[in-house]
Amino acid sequence: MAAVAAAAIFAVAGAGAAAGGNRPLRVGLVLEQTLVGRGTDPFQYGAFRGLVRARRHLHIQAKAVAPSPTGTSDEFVAPFYDLARKQYDLVFGIGFLELGAMARAAHKFPHTRFALLDAPREAVSGHPANLEGTVFHTEQPAYLAGYLAARIADQGPKPHVVSSVGGIKLPTVDAYIAGFEAGAKAADPKIKLLRAYSNSFTVARFCANDASEQIDRGSKVVFNVAGGCGLGALDMAKRRGVYGIGVDIDQSYISHRLILTSVIKNLDVAVYDLANRLVHGRLRTGGNLSFTLRNHGVGLGRFSPVVSPSLRRKLVSLARQIKQGKIVVPATVSPLHQR
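Position in the sequence shown (first residue = 1) + 10 = my numbering.
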């Protein structure tokens, strides 16, 4: 394979935790792109924030890299190989777009430990024993967000419509949407649901166009499930005076009032947890870590002041029922039969 350049986001050593030869333990993260701010790529931002926290508090050496884009599925291979050849003790990848590259790296470097954020180990070809997956049950807080969205939409005039703008149709995207739609239907069985996929996680205008079309069709609440692209959906909702729901991180900074809440996926918790296990000699691979409402791996962000105390209490009650298993939230979408 031809070498593909990788851009280093940071590489700073700390003091303290040591591997063989008394060198600091090293943790690497392969990003999808170099733009990792909350206002450019909220999905990656969570993972990056976890690595920064681990570097500061666990005194490890940390390096985040992103490939030079080639437009091929091989572009992620080089950064994984590079970190493994440099004997990094733990190498993180993110999501389904990096599955193929991680599979190749994990099989080629069986003595390197890998962790896959936001995808199960079973999704990786060959199910390598030196890899740990992480599963985030975002359908759980998305159910709460959908319930909230429907209740807010029902307060206004008809039509009562809520919508979601997804990025690429992946299982992790659909888990958000499935939970959101189930929660909305639980709040109002007659609520109309709209769903769109922009086929992008980066081009904001694609999601803005989808959101605008949904608002034209009556949507009163738009749920962003498209990372950086979805920022365009939330911006369109803000410009047109309808409510939005954020994704991955707390996106209330976009509008204190119009962002009802955000469905948070704590990638930073997973990165820090796995790095902490590494430092304390407790890191095991070959399975999956599960993040739920119960263990605070997923949740909701700040609420808009338009969300009443009584509605917030209802969401707390619903969350308790989900944690207790009394409400089982679907993670796969069902066909929409309405237009």
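Ideal placement from N, C-alpha and C gives every residue a C-beta, glycine not left out.
This one's a predicted model, so the numbers in the text were calculated from it and none came from an experiment.
Asked, Found
"Are there any heavy atoms of the ligand FAD lying less than 7 Å away from the beta-carbon of Asn305, as far as the coordinates show?", "The ligand FAD is not part of the structure shown, which contains no ligands of any sort."
"Under three-state DSSP, which class holds Val377?", "The structure shown has nothing for residue 377, since the chain only spans 11 to 349."
"For Ile269 and Ile255, which I take to be in contact (beta-carbon distance under 8 Å), what is that distance rounded to the nearest angstrom?", "7 Å"
"Run the CB neighbour count on Val343, radius 10 Å, all protein chains shown included, and call it buried at 16 or more, exposed below.", "buried"
"For Val308 versus Gln165, is the C-beta spacing smaller than 8 Å?", "no"
"Which whole-angstrom value describes the C-beta separation of Ala247 and Ala236, a residue pair presumed to lie in contact below a C-beta threshold of 8 Å?", "At roughly 13 Å, the Cβ-Cβ gap does not stay under 8 Å, so Ala247 and Ala236 are not in contact."
"With DSSP run on the structure shown, which of helix, strand or coil describes Arg330?", "helix"
"To which residues of the same chain is Tyr186 closer than 8 Å at the C-beta, ignoring the five residues directly before and after it?", "Thr148, Glu149, Ala152, Ser174, Gly176, Phe233, Val235, Val257, Val273"
"Would you kindly check if the distance between the Cβ of Val338 and the Cβ of Cys189 is under 8 Å?", "Note that residue 189 is Gly in the sequence shown, not Cys. Not closer than 8 Å, so no."
"What are the boundary residues of the alpha helix (DSSP H) that includes Thr182?", "181 to 197"
"Which same chain residues end up closer than 8 Å to Asp245 when comparing Cβ atoms and leaving out the 5 residues on each side of it in sequence?", "Ala214, Ala218, Ile264"
"Are the beta-carbon atoms belonging to Ala72 and Arg65 less than 8 Å from one another?", "yes"
"What span of residues does the beta strand (DSSP E) with Val172 cover, start to end?", "171 to 176"
"Can you round the beta-carbon distance between Ile259 and Leu303 to whole angstroms, since I take them to be within the 8 Å contact cut?", "Their Cβ separation, rounded to whole angstroms, is 17 Å, which puts Ile259 and Leu303 out of contact at 8 Å."
"Please confirm if the region 129 to 145 is in contact with the region 312 to 332, defined as three or more CB-CB distances below 8 Å between the two stretches.", "no"
"Using CA coordinates, which residue listed in Arg227, Asp99, Ala133 is at the minimum distance from Phe119?", "Asp99"
"What does Glu142 pair with, by DSSP beta-bridge criteria?", "Ala125"
"Three-state secondary structure (DSSP) at Leu204?", "strand"
"Within the same chain, show all residues whose beta-carbon is closer than 7 Å to that of Pro169, passing over the 5 residues directly before and after it, in chain order.", "Lys202, Gly228"
"Does Glu132 pass the burial test, meaning 16 or more other C-beta atoms within 10 Å, or should it be called exposed?", "exposed"
"I'd like the list of long-range same chain contacts for Leu93, defined as Cβ closer than 6 Å, with 5 residues on each side in sequence excluded.", "Gly38, Val101"
"How is Asp258 classed by DSSP in three states: helix, strand or coil?", "strand"
"With distances taken between CB atoms, is the gap from Ala194 to Gly156 smaller than 8 Å?", "yes"
"When you compare only the Cα positions, how much space is there between Pro319 and Leu325?", "10 Å"
"To the nearest angstrom, report how far apart Ala113 and Asp278 are at their CA atoms.", "23 Å"
"Leaving out the 5 sequence neighbours to the left and right, which residues in its chain are closer than 7 Å to Leu346 when beta-carbon positions are compared?", "Leu203, Arg205"
"Cα-Cα, which of His121, Phe106, Ile162, Asp128 is closest to Val316?", "Ile162"
"Which residues in the same chain as Arg287 place their Cβ atom closer than 8 Å to its Cβ, once the five residues preceding and following it in sequence are excluded?", "Leu293, Arg294"
"Helix, strand or coil: how does DSSP classify Ala23 here?", "A caution first: Ala23 carries a pLDDT of 46, below 50, which makes its placement in the model unreliable, though a value can still be read off. In the structure shown, Ala23 sits in coil (DSSP, three-state: anything other than H, G, I, E or B)."
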